[in-house]
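Only one structure is covered here, and it is reproduced in the block below.
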Amino acid sequence: MGLADFTHKTCRAGSHVLRAAWLLLLIAISPVLASVCHAEDASRIATGYKMAGDATKMRIVMSFDREPDLKWFLLRGPNRLVVDLQNTKFAIDAKDLKARGLVKGVRLGDLGDGVSRLILTGKGPFAVDKLDILKDDTGAGYRIAIDISAASEREFDEALANQALTTGSTVSTEKGGRVGTGPVSNPGHRFTIVIDPGHGGVDGGAEGLNGTIEKNVTLAFATELRDKLAAVGNYDVFMTRDTDEFLRLDDRVRIARQHEADLLISIHADTISVKGIRGATVYTVSDKASDPEAQALADRENLSDQFAGMVIKNDSKEVTDILIDLIRRETHSFSMSFAHTLVGQLSTSVGLINNPQRSAGFKVLKAPDVPSVLVELGYLSNAKDEAQLLDADWRGKAAQSITNAVALFASARTGTATGG
Ligand code: ZN
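Structure follows, in structure tokens:
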């Protein structure tokens, strides 16, 4: 019907001529005719390339003047998605290929034999959630739309193994591939905690009355908590950063997914305008903040990404996938349950503010499948809290309380898992 068919017909007509030529002319001439036909078919053009998203989720769109003919597959070391396109020329602005979010690099090349290749290199392992060939509404062209999201090495390897059975497929990967990671679907998996020391590098976070910098307090505390949790012996424990480095919020979430975390604990120690207020608070994520202070805090924490000089609009309202929605709700109830346990444990060892379990729209807590809490250890705007945060004994007590809460949560989770 379209231009593509017309080209095929032209080309087929060409091959009739070619066959006649085989009869009439010397064999040496035929490659010339064949390459003429080939050149006609090569007139498909990739006219545009766009990427959007962040380190947890990306959409990649490539536009074409006619229907693309493609095969795709994964490669590891590093994690790559390869799309081989038949007879395609690239007319793409180089600046649109600039790395961003989950995609660390984009390369285009000509493999010869009428095959052109697009290679996307991930910042870490990822899953191909969808790869569709779509016709433009105007009917004028086509595009391929690829959705990828951060995943673990195990999940990437699983997809690699599956592709051996379905090589060359243009059908999307199993959408439910990631569902139920953790103890149930992965027998070798130990309960995994990712500790996230807030801020770092150019983003110092809050500053205390006596000059204490939040990013240093969070790293010192997180390190102590990591050692205490590791000493239990039943868990795998990771940190999003263990040096003074800047990390975007979506990168922190990506790291949690990469480790298939069963729990993400983000550590902070902020300031508040009322100097008298002190004590610890445990936050979970919610669209609607529990109170104006929680909202203000989430707004401040979410500003962290501006230190990277880029603000990405990441609208997750488009989530219509029922499965994702169910997972999100389940994750949220686990987050709430851990927050409740944590408040109970902390109350026996450290001071808490009024209504210590609160919620707001923290970006770092938004992984749909990782129960996540943000702990404000205390306020650097309060002299007593600031002194405590620097006190090794206090830190030890607080870290022990969090370790106890993790133990209660982990045994309930793994108990549920083995009970079916
Ligand atoms: Zn903070």
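Take the position in the sequence shown, starting the count at 1, then add 21; the result is the number in this note's numbering. Even for Gly, the Cβ is constructed at its ideal location relative to N, Cα and C.
Chain-order list of residues whose beta-carbon lies under 7 Å from that of K249 (same chain, five-residue window excluded): A420, Q421 and T424
So L95 and F177 are supposed to be a Cβ contact under 8 Å. How far apart are they, rounded? 7 Å
Please report how far the alpha carbon of V427 lies from the alpha carbon of G365, in whole angstroms. 12 Å
Pull every residue with its beta-carbon under 5 Å away from any heavy atom of the ligand ZN, and keep them in chain order. G219, G226, H289 and D291
Taking the alpha carbon of T77 as the point to measure from, which residue in D390, A433, R434 and A431 has its own alpha carbon closest? D390
Comparing C-alpha positions only, which one of N403, L139, V274 and G372 sits nearest to G297? N403
Relative to the C-alpha of L367, which candidate in S432, A301 and L324 has its C-alpha closest? A301
List the endpoints of the continuous beta strand (DSSP E) containing V223. Note, V223: premise wrong, no beta strand (DSSP E); not H, not E.
Taking 8 Å as the cut-off, decide whether the C-beta atoms of D117 and Y70 are in contact. yes
Exposure label - D158; buried when at least 16 CB within 10 Å: exposed
Spatial neighbours of V53 within its chain, please: C-beta separation below 7 Å, excluding the five flanking residues on both sides. Confidence at V53 is low in this model, with a pLDDT of 39, below 50, so its placement is unreliable and no value can be given for it.
Would E228 pass as a contact of L429 if the rule is Cβ separation under 8 Å? no
Can you tell me the Cβ-Cβ gap for L240 and Y304, rounded? I've got them flagged as a contact below 8 Å. Not a contact, Cβ separation roughly 19 Å.
In its own chain, which residues sit with a C-beta less than 6 Å from the C-beta of I66, not counting the 5 before and 5 after it? D86, K110 and A112
Checking 8 Å against the spacing of the C-beta atoms, do D75 and G122 come in under that value? yes
Name, in chain order, the residues that DSSP records as bridge partners for D217. S287
Could you spell out the range, first to last residue, of the alpha helix (DSSP H) harbouring A73? Note, A73: premise wrong, no alpha helix (DSSP H); beta strand (DSSP E) at R65 to G74.
Assigned exposure category for N100 - 16 Cβ within 10 Å defines buried: buried
At least 3 beta-carbon pairs within less than 8 Å: the stretch 261–270 vs the stretch 212–225: yes
So V371 packs on D217, CB below 8 Å; how close in whole Å? Between D217 and V371 the Cβ distance is about 19 Å, and since that is not below 8 Å, they are no contact.
For D271, I'd like the list of residues in its chain whose CB is within less than 6 Å of its CB, leaving aside the five on either flank, ordered along the chain. D75, A76 and T77
For the beta strand (DSSP E) containing G133, list its first residue and its last residue. V124 to G133
Can you tell me the Cα-Cα spacing of G382 and S325, whole angstroms? 14 Å
Rounded to whole angstroms, how far is the Cβ of M260 from the Cβ of R275, which I believe are closer than 8 Å? So it is not a contact: roughly 14 Å between Cβ atoms.
Would a C-beta distance cut-off of 8 Å place E281 and R175 closer than the cut-off? yes
Could you tell me the distance, in whole angstroms, from the CA atom of T369 to the CA atom of F359? 16 Å
Cutoff 6 Å; reference I1; Cβ partners in own chain excluding five residues on either side: Residue 1 is absent from the model: the chain starts at 22 and stops at 441.
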